[in-house]
Every structure is written in structure tokens, then in C-alpha cells.
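Heads up, this note's numbering is the position in the sequence shown plus 601, with the first residue counted as 1.
Here a beta-carbon is modelled for each residue, glycine too, at the ideal position from N, C-alpha and C.
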Amino acid sequence: MRLRALFIAILIVFSGSAPTMAASPFGAFIRSLLVPGWAQYSNNQSHAATRFLLAEGLLWSGYFGMTAVSSIREENYRTYASAHAGASPEGKGGVYFDDLGFYMSQQQHDLFALVDGPDEDLYGDQSDNTWEWDQDASRKRYRRLRNSAQSAERSALFATGLVVVNHLVAAVHAARTADSDGFAQAPAWRLEPFASRSITQGLSLVRRF
602 MRLRALFIAI LIVFSGSAPT MAASPFGAFI RSLLVPGWAQ YSNNQSHAAT
652 RFLLAEGLLW SGYFGMTAVS SIREENYRTY ASAHAGASPE GKGGVYFDDL
702 GFYMSQQQHD LFALVDGPDE DLYGDQSDNT WEWDQDASRK RYRRLRNSAQ
752 SAERSALFAT GLVVVNHLVA AVHAARTADS DGFAQAPAWR LEPFASRSIT
802 QGLSLVRRF
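Shown next, in the form of C-alpha cells:
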């Protein structure tokens with residue numbers, strides 16, 4: 602709610618800004634950084650605005666879609682582990698689910714952990730930590746299900762990264778193509794050669810308005 606309120610406040614501020622600010626490259630940059638295509642639409646660049654808005658919609662659709670897929674696949678591998686290994690997924694973290702895919706049972710895990718050293722974590726004989734796969738094929742099947750869920754989660758994260766890229770590209774595009782009629786141009790400086798009545802020649806710094 603706080604983030605939404607801040608976003609609305611920013612929109613109100615920029616909507617009420619002076620025309621000079623709205624037409625400036627900086628103002629265009631900020632507007633399209635907030636909403637890709639906003640400044641392009643205001644600058645009568647409807648095709649560019651449509652492209653950025655369409656990309657934004659597709660990326661967010663991809664994010665929510667892959668997040669939903671990841672949740673479904675996560676529930677699948679948790680249920681599968683309960684049915685085929687007697688595991689208790691409730692309240693467990695990622696390390697536990699990784700171990701489920703690498704060891705046939707918690708006893709096997711603890712034996713390997715003891716070989717690695719006395720400081721390694723052990724599951725012990727607590728009932729909520731025990732598991733034993735009915736067959737090795739089930740364990741491998743579980744690993745594939747978990748890897749599939751993690752792949753969907755990474756795809757959702759990748760989509761959010763592309764959302765950020767879309768905002769930045771839209772903002773830079775808006776700043777570069779902003780209408781310059783609404784604000785004063787900054788004075789330009791350049792070097793020009795000059796020649797005096799003598800044989801001496803040189804360069805002068807000229808300010809153009």
C-alpha cells in the first residue's frame with residue numbers, strides 16, 4: 602500500500618508540473634521510467650508508446666504465469682515426496698528438499714555427514730525429519746520435478762529483470778526523442794579559428810545562443 606501511494610503521489614506531481622518540465626528530456630525520462638510509453642504517448646509517438654506498453658504487459662504476464670507454474674510444480678514435488686518417501690515437507694527449507702533428491706533416506710544422509718566431519722548437520726531420528734524412498738527411480742523423479750519448479754521460478758525472476766530493462770530503455774528513448782520546443786536550449790560552446798592583422802593565428806571560445 603505504501604509503494605502504491607508513493608507511485609500515485611509521483612504521478613500527481615508530474616501531472617501538475619509546468620509545461621517546460623513536462624516537455625524536457627528529464628521530465629520525459631522520469632515519466633517513461635515510471636510507466637513505459639507514457640512520455641512517448643504525450644509526445645505523439647503512439648507507435649513507440651504501444652510497443653513499450655505491450656512489452657510491459659507481456660513481461661508482467663510472463664512473470665505471473667511462471668510464478669503460478671512454479672507454485673503448482675512446487676506443490677507437485679512436495680506431494681510426491683510425501684507419497685513416495687514418507688517425507689514431511691511442512692516448515693522445511695531448501696536444504697531439506699535438496700537432500701531429499703540426493704539421498705535415499707535420512708539415515709544415508711547422516712552417515713555421509715558423519716564421514717564429512719563432526720560439525721556437519723544431522724537430521725537424527727525425529728519423525729518429522731525422516732524419509733526413505735520406495736525406490737531409486739522415485740528419488741530421481743522427485744529431482745526432476747523439483748528442478749522443473751526451480752526452472753520456472755528462475756524464469757519468473759528473469760522476467761522481472763526484463764521489466765527493469767524495458768523501463769530503462771523506454772526512459773532513455775523518451776529523453777532522446779523529447780520535444781524540445783517547450784524549453785529553452787542550453788547555450789552551446791565551440792572553438793573557432795581566428796586570424797589577426799598580424800601573422801598570429803589561434804582559436805577563440807565562442808558562445809552561441
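If we count the other Cβ atoms within 10 Å of its Cβ and call it buried at 16 or more, is Glu675 buried or exposed?
By the Cβ neighbour-count rule, Glu675 is buried, with 16 or more other Cβ atoms within 10 Å of its own.
Cα-Cα, which of Ser672, Tyr664, Thr731 and Tyr724 is closest to Ser689?
Closest option to Ser689, Cα to Cα, is Thr731.
Can you give the Cα-Cα distance for Gln727 and Glu691, rounded to whole angstroms?
Cα to Cα, the separation comes out at about 14 angstroms.
What is the rounded straight-line gap between the Cα of Ala649 and the Cα of Ser643?
Cα atoms of Ala649 and Ser643: separation of roughly 11 angstroms, rounded to the nearest angstrom.
Nearest CA to the CA of Gln736: which residue from Tyr704, Leu634, Glu721 and Asp711?
Measuring from the Cα of Gln736, the nearest candidate turns out to be Tyr704.
Just to confirm my understanding: we take Trp639, look at its own chain, exclude 5 residues before and 5 after, and list those with CB closer than 7 angstroms. What are they?
A distance below 7 angstroms between beta-carbons, with the five flanking residues on each side excluded, links Trp639 to the following residues of its chain, in chain order: Arg632 and Ser633.
Should the segment 736-747 be regarded as contacting the segment 763-774, the criterion being three or more beta carbon pairs within less than 8 angstroms?
Contact fails between the segment 736-747 and the segment 763-774, because fewer than three Cβ pairs, one in each stretch, are under 8 angstroms apart.
Taking the alpha-carbon positions, what's the Ala753 to Leu659 distance?
The straight-line gap separating the alpha-carbon atoms of Ala753 and Leu659 is approximately 16 angstroms.
Pull up the distance between the alpha-carbon of Ala779 and that of Lys741, whole angstroms please.
The C-alpha of Lys741 is placed about 57 angstroms away from the C-alpha of Ala779.
Answer with buried or exposed for Ala757, where buried requires no fewer than 16 other C-beta atoms within 10 angstroms of its C-beta.
That one is buried.
Rounded C-beta distance between Leu701 and Asp711? I'm assuming under 8 angstroms.
With 8 angstroms as the limit, Leu701 and Asp711 do not qualify as a contact, their Cβ atoms being about 14 angstroms apart.
Should Ala776 and Phe653 be called a contact, given that it needs their Cβ atoms to be closer than 8 angstroms?
Their beta carbons are not under 8 angstroms apart, which means Ala776 does not touch Phe653 by this criterion.
Alpha carbon of Gln646 to alpha carbon of Gly628, nearest angstrom:
Cα to Cα, Gln646 sits roughly 16 angstroms from Gly628.
Going by DSSP, what residues sit across from Ser756 in a beta bridge?
Checking the DSSP bridge columns, you'll see Ser756 has no partner listed.
Which residues mark the beginning and the end of the alpha helix (DSSP H) in which Pro626 is found?
Taken as a continuous stretch (DSSP letters only), the alpha helix (DSSP H) holding Pro626 covers Pro626 to Leu635.
Should Arg755 be labelled buried (16 or more other beta-carbon atoms within 10 Å of its own) or exposed?
The residue is exposed, with fewer than 16 neighbouring Cβ atoms inside 10 Å.
Alpha carbon to alpha carbon, what distance is there between Pro626 and Val764?
Their backbone Cα atoms lie some 22 angstroms apart in a straight line.
In three-state DSSP terms, what is Ser706?
Ser706 falls in the strand class under three-state DSSP.
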